[in-house]
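Numbering (our numbering), first residue to last: 15 to 398.
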């Protein structure tokens, strides 16, 4: 059977306040086209459907349209919630999802509720254990729902996840394609840059050994960098379909296409997504920036190697209308370790000029404006 594995859609994410819904709409159309061209039997969306737990109505409309279109290719679709999602709110969509032929798991239920089975058109039977993101504070509750009993006060997050995975995979047999999807951090995985750090730290990391060798393929979400993880079975992060922030600038947005059969190792290949808008960082003086080669589609981060002065940001913005971040290069700032000048006995104007100098804003025009404003406020205070 053939699987399209994707994750970390972050529908509704913005770039410094600028909507990316049109970009995401184009990317999802490309994913649907890939699913159709590859004749996939199953699509797995491994969490972080939305960028926020309170998505806009436009984001919700785009998500349901994308999932429906994927099912329209003839593939089964299995979807789980991630740490950015509101699992309970997603569960409210389960009636719609069921009617649309989509298997959606937003939050925890009984173990049996997280098992989805099916048969491909070619007659190959498959079984997938679908585990949405579990916060540390909910790990014990998950064990109770799975009727696993108490694990002991000393049990940590990895211990709980090991028991949950064991319960979900105990029904794996040699004559089926055995799949697992989860939204979690596996030891050895490399973060992409846009993940929430609190949910990728060591306390949330689990060893690859929690997945049994009987697993044909583990489809993970949470880490935004496409990568394979060494373990007792094939384990992979698909990577996100677009770069969420500039920490992911060097990543190629993609999906994974996986060919797998019962009793044989899964083979995964990465398919790049060309509709994803790139992120690009440029650096230099205004003269150098004017000559810089930039991708006209890209969201830009600009570092200016000139001292700050009035109007500089506007000049850079005129050069690069798609610049979403404009910074003064740190090398242009005064040495933060240098001793500060004494402050007592100095006029407000002298103190402000020193502040500008220490922060790389040595601009007489700004100092002059401060002097005018200070004089005006003093005049008003004296008249009142």
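Even for Gly, the Cβ is constructed at its ideal location relative to N, Cα and C.
Bear in mind the structure is a predicted one, so any value in this text is a computation, not a measurement.
Self-check item: N- and C-terminal bounds of the beta strand (DSSP E) containing residue 92
Solution: 90-94
Self-check item: Collapsed DSSP secondary structure at residue 77 in the structure displayed
Solution: helix
Exercise. Closer than 6 Å by C-beta to residue 242: which residues in its own chain qualify, once you throw out the five before and the five after it? Chain order, please.
Key: Around residue 242: 250.
Quiz item: What are the start and end residues of each continuous beta strand (DSSP E) run of 3 or more residues lying completely inside the region 140-197, in chain order?
Solution: 191-197
Practice problem: Identify the continuous alpha helix (DSSP H) that holds residue 41 and give its terminal residues. | Solution: 35-51
Self-check item: Length at least 4, wholly inside the region 285-324: the alpha helix (DSSP H) runs in chain order
Solution: 300-304
Quiz item: Beta-carbon separation of residue 61 and residue 94 under 8 Å?
Solution: yes
Quiz item: Secondary structure at residue 20, three-state DSSP: helix, strand or coil?
Solution: Of the three classes helix, strand and coil, the one that applies to residue 20 here is strand, per DSSP.
Quiz item: Of the choices 221, 44, 105, whose alpha-carbon is the least far from that of residue 80?
Solution: 44
Exercise. Kindly indicate which three-state DSSP category residue 261 falls into: helix, strand or coil?
Key: helix
Practice problem: Going by CA-CA distance only, name the one from 136, 197, 126 that's closest to residue 184. | Solution: 126
Quiz item: Hey, quick one: how far does the beta strand (DSSP E) through residue 269 stretch, first residue to last?
Solution: First-last of the beta strand (DSSP E) with residue 269: 268-275.
Quiz item: What is the rounded straight-line gap between the Cα of residue 123 and the Cα of residue 154?
Solution: 13 Å
Quiz item: Which same chain residues, not among the five before or five after residue 104, have their C-beta less than 6 Å away from its C-beta?
Solution: 95, 120
Practice problem: State the Cα-Cα distance for the pair residue 280 and residue 117, rounded to the nearest angstrom. | Solution: Whole-angstrom Cα-Cα distance: 22 Å.
Quiz item: Which whole-angstrom value describes the C-beta separation of residue 296 and residue 316, a residue pair presumed to lie in contact below a C-beta threshold of 8 Å?
Solution: 6 Å
Quiz prompt | Inter-residue Cα distance where the pair is residue 367 and residue 344 | solution = 19 Å
Practice problem: Report all residues from its chain with a CB closer than 8 Å to the CB of residue 304; omit the five preceding and five following residues, and keep chain order. | Solution: 333
Self-check item: beta strand (DSSP E) runs wholly inside the region 217-254, at least 3 long, in chain order
Solution: Listed in chain order, the complete beta strand (DSSP E) runs (minimum 3 residues) inside the region 217-254 are 231-235, 241-243, 249-251.
Quiz prompt | Limits of the unbroken beta strand (DSSP E) element including residue 119 | solution = 116-119
Self-check item: Residue range of the unbroken beta strand (DSSP E) whose run includes residue 132
Solution: Counting along the chain, the beta strand (DSSP E) containing residue 132 begins and ends at 129-133.
Exercise. Could you name the residues of the same chain whose beta carbon sits closer than 6 Å to that of residue 115, not counting the 5 residues immediately before and after it, in chain order?
Key: 85
Quiz prompt | Own chain partners of residue 298 with C-beta closer than 7 Å, once the 5 adjacent residues on each side are dropped | solution = Cβ neighbours of residue 298 beyond the five flanking positions: 306, 319.
Quiz item: Straight-line CA distance for residue 288 to residue 269?
Solution: 11 Å
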